[in-house]
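Here is the structure we will look at.
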Amino acid sequence: MSVLTISPLLAAEQNTTHPADAVRQDESHAYSIASGTLSDALLQFSEQSGGLQLVSPAELTEGKVTPGLSGRYSPREALSRILAGSGLGYRFYNATSFTLFKSGEQTNVLGAVRVDGVGSEVVGGINGSTDVTATEGSGSYAGQTMSIGSKTPQSIKETPQSVSMVTSAQMKDARVTNLKGAMDSLAGVSVSQGNRSDQVKFYSRAREISRIQIDGGAPLEVNSNSRYSPVFDMSLYDHVELLRGADGLFNGNGEAGGVVNLVRKRPLDHNQITVESSAASWDNYRNSVDVAGPLAFDGALRGRAVATWEKRRFFYDGANDEKKVVFASLEADVTPDTQWRIGASYTDQKGRPWTAGLKSYKTGEDLRLPRNFSIVMPWEFSNTKNTEWFTQLDHRFSDNWSTNLNFTQSYNREDGLGASIYGVVDQNGDGSAMEASAMRSKSRQLALDGTLNGEFDLWGLPQKLVVGGNYKRLNGSGDGPAQFYTYLDDEGNERNFNIFRFRDTDWSEPDFSGVGSLNSRYSEHQAGGYVAVTITPWKPLHFMTGVRYNQYKNENDQDGLLPQKMNETEFQLPYYAVSYDLAHNWSIYASYTDIYQSQAYMKTKEGRSLDPLTGSNKEVGIKYGDDKRNIALSAYSLTQKGGASTTSIDPGAWLIGDQACCYRNNNSVEISDGFDLEVNGEMLADWQLSFSYTYSRNKYKGEDSGQVGQPIRSQFPKQILKLASSYQLSGNPYLDRLKIGGTLKAQTKNYAVGSSCQYDDPDCVNEVPFKFTQGFYAVTSAFVSYQISSYWDVAFNVNNLFDRHYYETIGDARGGSWYGEPRNYALTLYGTF
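Using the numbering used here, the first residue of the sequence shown is number 96, and each one after it goes up by one.
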């Protein structure tokens, strides 16, 4: 292999810059590089960058051209523009040397090229990360590779399912700082406020997404049973990936909504410090610092540390929140073929949340309360602490075979005191009562995943094989007062709550002394193994299938109830797919995925575990992918049957006391179908775009007359459109520093229907129907950023630009409705050193 070495010293004797001199990779330089061959352009780049040296295989640049470059850029920005469309990426080994590699396909990534004096030989993604899926520093709204839906990074075009990504650049432009904002940027996702102002739920294809992977490992459960409520701050993550539909092959339970993958930031091969400081509406302040770089052994040991502090109030009165996050990781090249990472994070969040949100009139009519209205007591609080540590090991046996291990353990503790209003509201504002509750909970989750993947030749073509297994263990517990604290009037009756005359000083802090405690415990174990194979009998044609063996165990134990236990084993073929490469950048696919979700912890009135929820996800689509953009169009049909429904109370069955019972497998079939359209990346020079449109129908079919024809989730909109865009201006030294952009989210109406009754009518004798509707709405945001210098840039964001008044989440007459944020502003200063 011939090696292309470009250095200013070798290119021109008159250049006296020594390559060993320190060169700032983020310091701006004036470039004037003519269009032509890529090798000539890289020579000019090296001369004009103040001493950067390229060491790379010469054949990588053969036959490639570039449109050239003119203007003032940092070396990283200049390289990204010079290499645009070439199919090549770059990686800095140190302050003065960089190499090139093929991007987009892991199997074609350039093998390591050793630079004298540098111990690290691992080639990865951009900006010096060893993660080939990394997006930090790319400036792009399109990711080239992702690992969700497979156990090896591959291009979005090669993944025969609906997948999406929100990149580092898109999150920065839109000032996305938490998982809620990241998920709200992804195609087909409806974000719903949870029971409290600090909780959130995500839905795709009318189903909840309750499983989150980190770095592609075994999924963590994020739901009420797990008592696991982590705070995912985006300062720790490079990007977020989403697979819509089931992923039973690699995750076990093939839940229909989908699965999320959070990809942590990794240490870098060069020194980098980034800082962020912002001030926003409602006393929202945030500061973050991120330090990365080589530590020892000529760069073979690298580290990264992040510290973030955020304090904020909300647009409604009374609630507040403060968050502190720290993160540290180490990465070592143990051998040229072995890489090891270890790290930990700690999050401490304290605040005063609002519980249950807004009500409507008992008929569903909007109360039309002001947006700053809330029902928050000064004595309410919530404290959450989460500790996580992880380790990962990657080893390459050869160019075609590698293995990786991924282990994460997370501890979560939460305690709080809250108030909620139950009952409904009549025309005078009466009809409700207040109760208070206290709870302490803790959980521990352990997730272990191991994979062997590689290629072998058959029929003269490469075939792919993935063999692996994962194990997940969850233990959770909770304790608190055995009953709610109910506020009584002077006559000993439940005290009426009038929502129009509410004053927080009228309701004292509850006293739970003398009340017994209620304890609960929950545990879950899941172990499984999988084999997946991709067969290519003909170069453009690919068949994919996989098998999985699963074992489930769980136990639910609560005071006053008999312990509930479950043990299940299953063997299934959960996945089939076929794809055909129409051209180098185009492919079509069809896939089938099993849906299997255990419901054994739910009991019938005879004490028998419910049968699992089963179904399938069928999908066809067409995808386009190149080095600048991704386009995907898919149509799907999803069916589920055997879901759980509540049935009659039967105290004489397996229960102790008069606890309400029980569950049954309903006879309805849940059907969802629709299509997704998504476009991401660079549409024209300097213009980044993320566009998605989703159409979804969901309803019940079957024998349950009360459900047939009704939507599975009426709060899930039939149509969702999302748009994010940025444009880098140019033309003079001032415009060259200016970037503008914005976002648009629009969705069709959604609603909640049911029946309601007042708190003093426990048997619902005077039950009335209600329907609460949020019509079509569109929310627009905008931003402008200006590069002050090569180190600093400032951004100004305006959210809900036209101050649209709408409900972000629709509940029922009893509560659960939340306004969307009014117009708000944020000013952020960013520094990169």
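Just so you know, even glycine gets a beta-carbon here, dropped at the ideal spot from N, CA and C.
Query raised in the report: Candidates Arg590, Ala341, Lys723, Gly926: which alpha carbon is nearest Ala531's?
Result: Taking Ala531 as reference, the option from Arg590, Ala341, Lys723, Gly926 with the minimal CA-CA separation is Arg590.
Query - alpha helix (DSSP H) segment containing Ile368, residue limits - result: For Ile368, no alpha helix (DSSP H) encloses it; the enclosing beta strand (DSSP E) starts and ends at 367 to 375.
Query - Simplified DSSP assignment, three categories, for Asn478 - result: In the three-state scheme derived from DSSP, where H, G and I count as helix and E and B as strand, Asn478 is classed as strand.
Query raised in the report: Quick one: complete beta strand (DSSP E) runs, 3+ long, within the segment 638 to 701?
Result: Correct list: 659 to 676, 681 to 692.
Report task. Tell me Arg899's beta-bridge partners as DSSP assigns them. Result -> Beta-bridge pairing by DSSP links Arg899 to no other residue.
Report task. Measure from the alpha carbon of Glu371 to the alpha carbon of each residue in Gln783, Asn894, Trp887, Val893, then state which is nearest. Result -> Across the set Gln783, Asn894, Trp887, Val893, the C-alpha of Trp887 shows the shortest separation from the C-alpha of Glu371.
Query raised in the report: Is DSSP giving Ser175 helix, strand or coil here?
Result: In this structure, Ser175 counts as helix in the three-state DSSP scheme.
Query raised in the report: So, using beta-carbon positions, are Asp268 and Ser821 closer together than 7 Å?
Result: Between Asp268 and Ser821, the C-beta gap is smaller than 7 Å, which places the two residues in contact.
Requested in this report: Kindly indicate which three-state DSSP category Asn222 falls into: helix, strand or coil?
Outcome: Three-state DSSP puts Asn222 in a helix.
Query raised in the report: Thinking C-beta only, is Pro635 closer than 7 Å to Tyr671?
Result: Contact: no.
**Report entry** Residues near Phe193 by beta carbon distance below 7 Å, same chain, minus five either side
**Finding:** The beta carbon of Phe193 sits closer than 7 Å to those of Leu147, Leu149, Tyr185, Arg186, Phe187, all from its chain and outside the five residues before and after it, given in chain order.
Report task. Find out if the Cβ-Cβ distance for the pair Leu733, Arg339 is shorter than 7 Å. Result -> No, these two residues do not count as a Cβ contact at 7 Å.
Query raised in the report: Hey, Trp913 and Gly232: beta-carbon distance below 7 Å or not?
Result: It is not a contact, given that the beta carbons lie outside the stated cut-off.
Query raised in the report: Candidates Glu619, Gly459, Phe196: which alpha carbon is nearest Leu315's?
Result: Checking every option, the nearest Cα to that of Leu315 belongs to Glu619.
Query raised in the report: Less than 7 Å separating the beta-carbons of Gln540 and Leu569?
Result: Annotated as proximal: Gln540 and Leu569, with beta-carbon spacing under 7 Å.
Query raised in the report: From Arg899 to Gly394, what does the alpha carbon distance come to, in whole angstroms?
Result: Going from the Cα of Arg899 to the Cα of Gly394 covers about 51 Å.
Report task. Answer yes if the segment 457 to 464 comes into contact with the segment 405 to 422, meaning at least three C-beta pairs across the two stretches below 8 Å, and no otherwise. Result -> Remark: fewer than three beta-carbon pairs, one from each stretch, lie closer than 8 Å, so the segment 405 to 422 and the segment 457 to 464 are not flagged as touching.
Query raised in the report: Apart from the five residues just before and just after Tyr922, which ones in its own chain have a Cβ nearer than 6 Å to its Cβ?
Result: For the sequence presented, residue 922 should be read as Leu rather than Tyr. For Leu922, same chain residues with a beta-carbon under 6 Å away, outside a window of 5 residues either side, are Ala374, Phe891 in chain order.
Query raised in the report: Taking DSSP as the reference, what is the three-state secondary structure of Pro828?
Result: Pro828 falls in the coil class under three-state DSSP.
Query raised in the report: So what's Glu426 in DSSP terms, helix, strand or just coil?
Result: In the structure shown, Glu426 sits in a strand (DSSP, three-state: E or B).
Report task. With a 10 Å radius around its C-beta and 16 neighbouring C-beta atoms as the bar for buried, classify Ser538 as buried or exposed. Result -> A residue is called buried once 16 or more other Cβ atoms fall within 10 Å of its Cβ, and Ser538 is buried on that count.
Query raised in the report: Which same chain residues, not among the five before or five after Asn919, have their C-beta less than 6 Å away from its C-beta?
Result: Result list for Asn919: Ser376, Asn894, in chain order.
Report task. Within 10 angstroms of the Cβ of His679, are there 16 or more other Cβ atoms? Answer buried if so, exposed if not. Result -> Burial call: exposed.
Query raised in the report: For Ile815, which residues from the same chain have a beta carbon less than 6 Å from its beta carbon, with the 5 sequence-adjacent residues on both sides left out?
Result: If you ignore the 5 residues before and after Ile815, its C-beta comes within less than 6 Å of the C-beta of Thr789, Gln842, all in its own chain and listed in chain order.
Query - Pro806 in three-state terms, based on DSSP - result: Look at Pro806 here: in three-state DSSP terms it is coil, with no helix or strand label.
Report task. Starting from the C-beta of Leu824, find all residues in its chain whose C-beta is less than 6 Å away, skip the five residues before and the five after it, and write them out in chain order. Result -> Cβ contact annotation for Leu824 (same chain, cutoff 6 Å, sequence separation greater than five): Leu830, Leu833, in chain order.
Query raised in the report: Whose C-alpha, out of Tyr881, Lys480, Tyr126, is nearest the C-alpha of Gly145?
Result: Scanning Tyr881, Lys480, Tyr126 for the CA closest to the CA of Gly145 turns up Tyr126.
Report task. Figure out for me which residue from Ser424, Asp428, Glu426, Lys406 has the closest Cα to the Cα of Lys418. Result -> Per the Cα distances, Lys406.
Query raised in the report: Taking the Cβ atom as the reference point for each residue, do Asn775 and Asn725 lie within a distance shorter than 7 Å?
Result: Against a cut-off of 7 Å, the Cβ pair of Asn725 and Asn775 comes out as a contact.
Report task. In the DSSP assignment, find the alpha helix (DSSP H) that holds Gly276 and state where it starts and stops. Result -> Bounds of the alpha helix (DSSP H) holding Gly276 are 274 to 278.
**Report entry** Buried versus exposed, by CB contacts within 10 Å (16 or more), Val429
**Finding:** Looking at its Cβ environment, which holds fewer than 16 other Cβ atoms inside 10 Å, Val429 is exposed.
Query raised in the report: Going straight from the alpha carbon of Ile304 to that of Tyr298, what length do you get?
Result: Just so you know, the alpha carbons of Ile304 and Tyr298 end up roughly 6 Å apart.
Query raised in the report: In chain order, which beta strand (DSSP E) runs of at least 3 residues are fully inside the segment 578 to 639?
Result: Qualifying beta strand (DSSP E) stretches, in chain order: 612 to 633.
Report task. Look up Glu253 in the DSSP assignment and say whether it is helix, strand or coil. Result -> Looking at Glu253 - three-state DSSP - the assignment turns out to be helix.
Report task. Give the DSSP-derived three-state secondary structure of Gly930 in the structure shown. Result -> In the structure displayed, the chain extends from 96 to 928; residue 930 sits before or after that span and is not available.
Query - Contact belief for Gln735 with Glu765 at Cβ below 8 Å, rounded distance in angstroms - result: In this structure Gln735 touches Glu765 by the C-beta definition: roughly 4 Å separates them, less than 8 Å.
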